[in-house]
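Below is one structure, written out as structure tokens; the observations come after it.
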DNA sequence: TTGCCGCATTGATCTGGATCAAATTCGCAG
DNA sequence: CTGCGAATTTGATCCAGATCAATGCGGCAA
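Residue numbers (my numbering), protein chains in the order written: chain A, 3 to 220; chain B, 3 to 220.
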């Protein structure tokens, strides 16, 4: 539980007690919805375990996955009145939930914490810019390779460095993240596996030729 | 000059004097570079007049325009050590520049200001998510219509509401923003003009059928 | 006025990725 | 183990938008 709260906040020292008193640990099962695009924003979440799919829908059903939240990530920061995207659990997910009131009180009381949240938000913005480059100007193969390297780096930063990249999300999720169809994602995986650039394993992918992949990601 | 600083900060009352003492008004001519992707981030900028093109480059020359900054917008917030994108002037541009030191001092001294900047950053993040949906899941015609309506709204929020949308950027800039080629942008404009959805005028576009455009943007 | 020079438009053709259509494999409940 | 539904892979064809290639059209310097 101490560990949970510690991950919860990515903070140290004096703020822990305050956070602990305000955080509501919550659990979601695979497919459960944390919140929906346009719904009134009641809570801010900090993911403590599992992976969350973040997405927007167009009225005709087209879907854009805007990100995958991993442990340590914050959700719902961009709250004005309503959430800007929907979020649901990929596999089991644990979060710390903060009510909007608790969140604003916390932020007002602790400028240092706001600074951290602001750093987090600007980092998110940088990632969003990279994703715009990827969506607008990269080929299918480049998209997939950048995605795999990006996920590998994110897991590595969380202390799980490995040549095997876990991919708990479906091919459809990946397609909707990269602006491709499921068929193109599948074919591109198959081609990269034939190349011996990657090895497809249950629940993920093993990076076999990082040199080539880094060269493509440029 | 009072007006300048006022726009500069989008703030009220007691913070103005502080800001005024730290801001360095600067002017750029068409095509001038404010800063370059990867360069050490010395300054934060607040645009006071004109339009700034924000973009990233791939090593082979492919370009993604990640945004157009209008008066009131902040640039370089996502500074860690280096700028995440390049910025240059489209036509004449005036900005207030804050040195990194002045910026961090200001932010540490005035939590209220940090809160404003954080709101601005989260708003930017929301826009970035919308742009991801546009780049990943929209057709060329939808992209262009969403772009025009988006620019119209942004000018309107700045107190310049009009059915004529100014487009000071080139067709190539628009193409690189929407993930299209210049030819597709030109053809799509021509088709929308034939439709009587828009009227192409020097330096911009006049919205002729906002109902249809809003329906497409959904 | 003339002649560039960048932009923009228009046309012809090509192609990467979408769409349509089956298999195949996997997970798992019975 | 067996059957079923969902996810994935694979194949055939199509098409929106890219690419290649002129042509048009200001703006502006001489």
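Cβ atoms here follow ideal geometry from the backbone N, Cα and C, with glycine treated the same way.
Selection from the options that minimises the alpha carbon distance to residue i
{"i": "residue 72 of chain A", "options": "A:117, A:158, A:139, A:210", "result": "A:158"}
{"i": "residue 181 of chain B", "options": "A:169, A:137, A:195", "result": "A:137"}
{"i": "residue 85 of chain B", "options": "B:49, B:108, B:215, B:43", "result": "B:43"}
{"i": "residue 45 of chain B", "options": "B:194, B:156, B:82", "result": "B:82"}
{"i": "residue 23 of chain B", "options": "B:108, B:74, B:194, B:212", "result": "B:108"}
{"i": "residue 48 of chain B", "options": "B:188, B:185, B:168, B:89", "result": "B:89"}
{"i": "residue 94 of chain A", "options": "A:34, A:115, A:67", "result": "A:34"}
{"i": "residue 69 of chain A", "options": "A:25, A:51, A:175", "result": "A:175"}
{"i": "residue 80 of chain B", "options": "A:80, A:168, A:129, A:114", "result": "A:129"}
{"i": "residue 106 of chain A", "options": "B:121, B:110, B:106, B:105", "result": "B:121"}
{"i": "residue 25 of chain B", "options": "B:192, B:104, B:51, B:78", "result": "B:104"}
{"i": "residue 212 of chain A", "options": "A:190, A:192, A:164", "result": "A:164"}
{"i": "residue 51 of chain B", "options": "B:186, B:61, B:162, B:152", "result": "B:162"}
Contact under 8 Å by Cβ, residue i with residue j
{"i": "residue 100 of chain B", "j": "residue 39 of chain B", "result": "no"}
{"i": "residue 126 of chain B", "j": "residue 127 of chain A", "result": "yes"}
{"i": "residue 2 of chain A", "j": "residue 32 of chain A", "result": "An answer regarding residue 2 of chain A cannot be provided, because it is not within the stretch 3 to 220 covered by chain A."}
{"i": "residue 199 of chain A", "j": "residue 97 of chain A", "result": "no"}
{"i": "residue 21 of chain A", "j": "residue 76 of chain A", "result": "no"}
{"i": "residue 206 of chain B", "j": "residue 166 of chain B", "result": "yes"}
{"i": "residue 102 of chain A", "j": "residue 178 of chain A", "result": "no"}
{"i": "residue 209 of chain B", "j": "residue 154 of chain B", "result": "yes"}
{"i": "residue 116 of chain A", "j": "residue 112 of chain B", "result": "no"}
{"i": "residue 53 of chain B", "j": "residue 170 of chain B", "result": "yes"}
{"i": "residue 202 of chain A", "j": "residue 195 of chain A", "result": "yes"}
{"i": "residue 148 of chain B", "j": "residue 139 of chain B", "result": "no"}
{"i": "residue 160 of chain B", "j": "residue 63 of chain B", "result": "no"}
Residue i (DSSP reduced to helix, strand or coil)
{"i": "residue 6 of chain A", "result": "Residue placement at residue 6 of chain A is flagged as unreliable, the pLDDT there being 43, under the threshold of 50; a coordinate-derived value is accordingly withheld."}
{"i": "residue 11 of chain A", "result": "Here residue 11 of chain A scores only 46 on pLDDT, less than 50, and its place in the model should not be relied on; the value that follows carries that caveat. Three-state result, residue 11 of chain A: helix."}
{"i": "residue 71 of chain A", "result": "strand"}
{"i": "residue 211 of chain A", "result": "coil"}
{"i": "residue 51 of chain B", "result": "strand"}
{"i": "residue 65 of chain B", "result": "strand"}
{"i": "residue 172 of chain A", "result": "coil"}
{"i": "residue 26 of chain B", "result": "strand"}
{"i": "residue 59 of chain B", "result": "strand"}
{"i": "residue 194 of chain B", "result": "helix"}
{"i": "residue 201 of chain A", "result": "strand"}
{"i": "residue 77 of chain B", "result": "strand"}
{"i": "residue 186 of chain B", "result": "helix"}
{"i": "residue 206 of chain B", "result": "strand"}
{"i": "residue 20 of chain B", "result": "helix"}
{"i": "residue 216 of chain B", "result": "helix"}
{"i": "residue 45 of chain B", "result": "strand"}
Any non-hydrogen atom of the ligand PLP closer than 7 Å to residue i Cβ
{"i": "residue 64 of chain A", "result": "Within the structure as shown, the ligand PLP is missing, as the structure has no ligands at all."}
Within the region 79–167 of chain A, note down every full alpha helix (DSSP H) run reaching 4 residues or more, in order along the chain.
102–111, 113–139, 142–159
Quick check: the region 131–146 of chain A against the region 22–39 of chain A, are there 3 or more CB pairs under 8 Å?
no
Can at least three beta-carbon pairs, one atom from the region 117–126 of chain B and one from the region 52–70 of chain A, be found at a separation below 8 Å?
no
Closer than 8 Å is the cut-off here; do at least three beta carbon pairs connect the region 141–155 of chain B with the region 203–220 of chain B?
yes
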